[in-house]
């Protein structure tokens, strides 16, 4: 740290590269390791937020949570490897082991549950709630999947609403569908 202020670093190499960054909290081996000028990041867990350089306002809790964030801002990743691949994505919320794991530049995605939204890369404004809900979405946007396995097979689909266990489970690229109830839209 050269002129940075109000940083708290605990663990081997936590906050290792901070120069002028302010108000960062890094707890765990290599947590916040690459932060240089970034501000207001909270990284708790082994390698949480390890690659952040100038990204700001990120909260990463769990081993490898938010690991690849470099310039991304205002992401919340809670759970082992949640939001792992985010680089410059903004305003993503990932809660659960591997939730939002593959997001790179996607924005405004909400993934809650183990592997929810796992394969989203560049998709935007998706809401996936439940274990493996929307787990195969890659570039699809503005989908709402609520319930375990809801929207499970979506890849590039857009504007779908699936509510209930396995609702819309077999939609892959279809758009503008609404399925409400267990196994609805399931073929």
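Residue numbers (my numbering): -13 to 173. Ideal placement from N, C-alpha and C gives every residue a C-beta, glycine not left out.
The continuous beta strand (DSSP E) containing residue 98 extends over residues 96 to 98.
By the CB criterion at 8 Å, residue 143 and residue 119 fall outside the cutoff. Shown here, residue 93 sits in a strand according to DSSP, grouped into three states.
Distance from the CA of residue 81 to the CA of residue 97, rounded to the nearest whole angstrom, comes to 6 Å. Residue 20 is classed as buried because its beta carbon has at least 16 other beta carbons within 10 Å across all chains shown. Boundaries of the beta strand (DSSP E) harbouring residue 149: 147 to 149, taken from the DSSP string. Our two residues, residue 63 and residue 24, have alpha carbons roughly 17 Å apart in a direct line. Around the beta-carbon of residue 159, fewer than 16 other beta-carbon atoms lie within 10 Å, marking it exposed. Ranking 94, 99, 45 and 70 by CA distance to the CA of residue 11 puts 45 first. For the segment 27 to 81, the full-length beta strand (DSSP E) segments reaching 3 residues or more read 28 to 30, 45 to 47, 62 to 64 and 79 to 81 along the chain.
Contact check for residue 126 against residue 107 fails: the beta carbons are separated by 8 Å or more. The beta-bridge partner set that DSSP reports for residue 166 consists of 149. Between residue 43 and residue 60 a beta carbon distance of about 5 Å is seen, short of the 8 Å cut, so the two are scored as contacting. For residue 152, same chain residues with a beta-carbon under 8 Å away, outside a window of 5 residues either side, are 133, 134, 135, 136, 138, 168, 169 and 172 in chain order. In this structure, residue 39 and residue 58 do not form a Cβ contact; the two beta carbons are roughly 10 Å apart against a cut-off of 8 Å. DSSP places residue 88 in the coil class of the three-state scheme, outside both helix and strand. In the displayed model, residue 161 falls within coil according to three-state DSSP, outside both helix and strand.
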